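Working notes, beginning with the structure itself.
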Amino acid sequence: MQTDSPNYSPLDDIEPAVLLGEHLINTILEGDSIDAIKEIIATGAPLWYQNESEGISPLHAAAYIRNTALTRFLISEGAIWNAVDNLKNTAGDIALSFNDIETYTVIRDAGIRAELLLGLLSIKETLNSSSAIVLRAADTTASGSTDAFLTSQLRYTTDEHGQDICMLTIGDGKEVGVMMGWETEIMQETVRKLSQNHPSAKNLKVLNVGFGLGIIDNLFQNLADPPSHHVIIEPHPDVLAHMKMSGWYAKNGVKILEGKWQDFVDSDELFGYGGFDIIYTDTFSEDYSNLYRFFEHLPDLLQGLDSRFSFFNGLGATNALFYDVYTHISDLHLEDLGVQVKWSDVDVAPDNKLERWGESREYFTLPIYRLPIGRMKPIV
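Per the numbering used here, the very first residue in the sequence shown carries number 34; after that it's consecutive.
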């Protein structure tokens, strides 16, 4: 099509692209050779195309026929690793459903590379430009924007099943749990691993970022030897009001810093403790870039090699592939910062899905939680 024609419209290119895309997907599903598939791609078949009937892409098709070599080739040509079909499944999810670990790993590793590259580009643009590239659509609701979250109203309540929850309205009457009681099992196992056989167990200095329902802070306080210093950073006025009403401001050894962690991370109010034995962070409405920036401060905040760190590992937790990618990325970043992480699994599959979520938007739908415990590596 001549794009300089006075009668040209971009729509003129759509039908050929659709036909080529359909042809490519069908050819892959029929099990044709890679050479035949390469020829179709060379004619201009779009790797981004997803058919209307099922929403599958060429990468989905390659996963369906369990062809690892083809999957690797499509990714090298620019296939989209994180495209989801009409059932919200990625090609990686399809590979997992067949227990095709080799193909799944190729897709997952492509996701890790892509996200690491996007992160580097984001950092570079932030440093070099006052108008950084927007790599993803921004979530300006209270669930995705810290500023919006801090001006939102929270609701503390107990649902019909006896579960304590802190709820946030995010628009159109929809609610999401800022923290929910079902997370208690995760927090119990986290505190156990952070505190068990700790050399400073009799005199722990604990820093927690983000109070929520106070589940993990109550667990710290209920240790056989409560922390000698227990610092909690919390910015939301409704949470702070709840903490005052619950008596947290009067607890021995507890210091509450009202504000965002960014307000205190380089301050004497934290450095004055001489480093912490245990650090935990679980913030709401912050994305991975914020978490990574917190990671960067760990070498200065942890007291020494016996100190331990963890965080709520919930990014991407509504999709197995996305969760795996973010877990690996956080592990790589922490390793690069000198923090070695040991991972363990916590079974969080609900007995009753409706009882767990009620009216809340689901934010963790996987059956296994990957629990991180990090320590500073010795300098060799």
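Just so it is clear, CB atoms sit at the ideal spot from N, CA and C, and this is done for glycine as well.
Nothing here was measured: the structure is a model prediction, and the numbers come from that model.
According to DSSP, is residue i part of a helix, a strand, or is it coil?
i: Lys386; result: helix
i: His361; result: helix
i: Leu52; result: helix
i: Thr26; result: No statement about residue 26 is possible, as the shown extent of the chain runs from 34 to 413 and does not include it.
i: Val372; result: strand
i: Ser228; result: helix
i: His262; result: strand
i: Thr398; result: coil
i: Ala171; result: Reliability of the predicted coordinates at Ala171 is poor, the pLDDT of 43 falling under 50, and the value obtained from them is presented with this limitation in mind. Reduced to three states, the DSSP call for Ala171 is coil.
i: Val272; result: helix
i: Pro411; result: coil
i: Pro405; result: strand
i: Ile248; result: helix
i: Ser163; result: With a pLDDT of 37 at Ser163, under the threshold of 50, the modelled position of that residue is not reliable, and no figure is offered here.
i: Glu85; result: coil
i: Asn59; result: helix
i: Asp65; result: coil
i: Leu240; result: strand
i: Ile98; result: coil
i: Ala190; result: According to the sequence displayed, residue 190 carries Thr and not Ala. Correct three-state label for Thr190: strand.
i: Thr202; result: strand
i: Gly195; result: coil
i: Gly214; result: helix
i: Ser233; result: coil
Given a cut-off of 8 Å on the beta-carbon distance, is the pair residue i and residue j in contact?
i: Ser340; j: Ile311; result: yes
i: Pro405; j: Gly371; result: no
i: Arg403; j: Asp369; result: no
i: Ile266; j: Gly307; result: no
i: Ala143; j: Trp114; result: yes
i: Val117; j: Tyr396; result: no
i: Asp197; j: Leu246; result: yes
i: Ile61; j: Ala94; result: yes
i: Asp315; j: Gly243; result: yes
i: Asn236; j: Ile249; result: no
i: Tyr313; j: Leu348; result: no
i: Pro411; j: Leu338; result: yes
i: Val124; j: Ser86; result: What sits at residue 124 in the sequence shown is Ala, not Val. It is not a contact, given that the beta carbons lie outside the stated cut-off.
i: Leu290; j: Val272; result: no
i: Leu365; j: Phe344; result: no
i: Asp380; j: Ile401; result: yes
i: Phe182; j: Phe317; result: yes
i: Lys207; j: Arg394; result: yes
i: Leu399; j: Tyr356; result: yes
Please classify residue i as buried or exposed, where buried requires at least 16 neighbouring CB atoms within 10 angstroms.
i: Arg225; result: exposed
i: Gln186; result: exposed
i: Ile166; result: The pLDDT assigned to Ile166 is 30, lower than 50, so where the model puts this residue is not dependable; a value taken from the coordinates is nonetheless given after this. Label assigned to Ile166: exposed.
i: Gln229; result: exposed
i: Arg169; result: The pLDDT assigned to Arg169 is 38, lower than 50, so where the model puts this residue is not dependable; a value taken from the coordinates is nonetheless given after this. Its Cβ having fewer than 16 others within 10 Å, Arg169 is exposed.
i: Leu367; result: buried
i: Asp107; result: Checking the sequence, you will find Leu at residue 107 rather than Asp. Buried, by the Cβ-count rule.
i: Trp390; result: buried
i: Thr191; result: exposed
Counting contacts by CB-CB distance shorter than 8 Å, is residue i in contact with chain C?
i: Ser228; result: Absence of chain C from the displayed structure is noted, only one protein chain being present.
Quiz item: Does the stretch 87-106 touch the stretch 120-138, meaning 3 or more C-beta pairs lie closer than 8 Å?
Solution: A contact exists between the stretch 120-138 and the stretch 87-106.
Quiz item: Along the chain, which unbroken stretches of the alpha helix (DSSP H) at least 4 residues long are found entirely within the stretch 105-161?
Solution: The DSSP assignment places complete alpha helix (DSSP H) segments of no fewer than 4 residues inside the stretch 105-161 at 124-130, 134-161, in order along the chain.
Quiz item: Can you list, in chain order, the stretches of the beta strand (DSSP E) that have 3 or more residues and sit fully within the stretch 330-356?
Solution: Within the stretch 330-356, the complete beta strand (DSSP E) runs of at least 3 residues are 341-344.
Quiz prompt | Continuous alpha helix (DSSP H) assignments of at least 4 residues falling wholly in the stretch 275-333 | solution = As summarised for the stretch 275-333, the continuous alpha helix (DSSP H) elements at least 4 residues long and confined to that stretch are 294-297, 301-304, 321-328, given in chain order.
Quiz item: Are the stretch 76-84 and the stretch 56-67 touching by the rule of at least three beta carbon pairs closer than 8 Å?
Solution: As far as the Cβ criterion goes, the stretch 76-84 touches the stretch 56-67, which means the pair count is three or higher.
Quiz item: So, do the stretch 245-255 and the stretch 207-226 have three or more beta carbon pairs nearer to each other than 8 Å?
Solution: Contact between the stretch 245-255 and the stretch 207-226 is present, because at least three Cβ pairs lie under 8 Å.
Quiz item: Can you find at least 3 beta carbon pairs, one from the stretch 201-209 and one from the stretch 277-285, that sit closer than 8 Å?
Solution: Touching, no, given that fewer than three Cβ pairs across the two stretches are closer than 8 Å.
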